[in-house]
Amino acid sequence: MTSLSQQMNLNHYSHQADFAQNLMSTICGEHRLDTSARDTLDFHYDGMRLPNRKMAIGTIRYGANVAINISNLKAYSISDIR
Numbered sequence: 001m002t003s004l005s006q007q008m009n010l011n012h013y014s015h016q017a018d019f020a021q022n023l024m025s026t027i028c029g030e031h032r033l034d035t036s037a038r039d040t041l042d043f044h045y046d047g048m049r050l051p052n053r054k055m056a057i058g059t060i061r062y063g064a065n066v067a068i069n070i071s072n073l074k075a076y077s078i079s080d081i082r
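Start counting the sequence shown at 1; every next residue gets the next number (the UniProt record's numbering).
Okay, here's the thing in structure tokens:
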């Protein structure tokens, strides 16, 4: 199995908040996720690593009301597209 740091395309889906939080911590740095829907998310992350630029870009969908603590992230940009 290829580690997350070696994968180019990143496509992940889960209903578990712990999975979403751990995955996004791996991609962006510390990612604390607060939600009352811990086991009923509709989490989707579709992205791509750009290793030559040391970055990843993608879209995140939680499918529930969430709060993201960004105090110690390496980098983050959020755009609300509806």
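We put the beta carbon where it would ideally sit given N, CA and C, even for glycine.
Alpha-carbon to alpha-carbon, residue j and residue i
i   : j   : result
I57 : S25 : 14 Å
S71 : H31 : 9 Å
L10 : R38 : 22 Å
H44 : A64 : 11 Å
Nearest neighbour of residue i, chosen from the options [CA to CA]
i   : options               : result
N69 : N11, M8 and Q21       : Q21
A67 : S36, F19, G47 and D42 : S36
Q16 : M48, D34 and R53      : D34
T40 : H12, Y62 and M8       : Y62
K54 : L23, F19, I27 and D46 : I27
is_contact[residue i, chain D] using C-beta, thresh 9 Å
i   : result
L50 : Of the protein chains in the structure, only one exists, and it is not chain D.
Beta strand (DSSP E) segment containing residue i, residue limits
i   : result
H12 : N9 to S14
Discussion item. At 4 residues or longer, what runs of the alpha helix (DSSP H) sit wholly inside the segment 19-80?
Written reply: Note on the segment 19-80: there is no whole alpha helix (DSSP H) run with a minimum of 4 residues.
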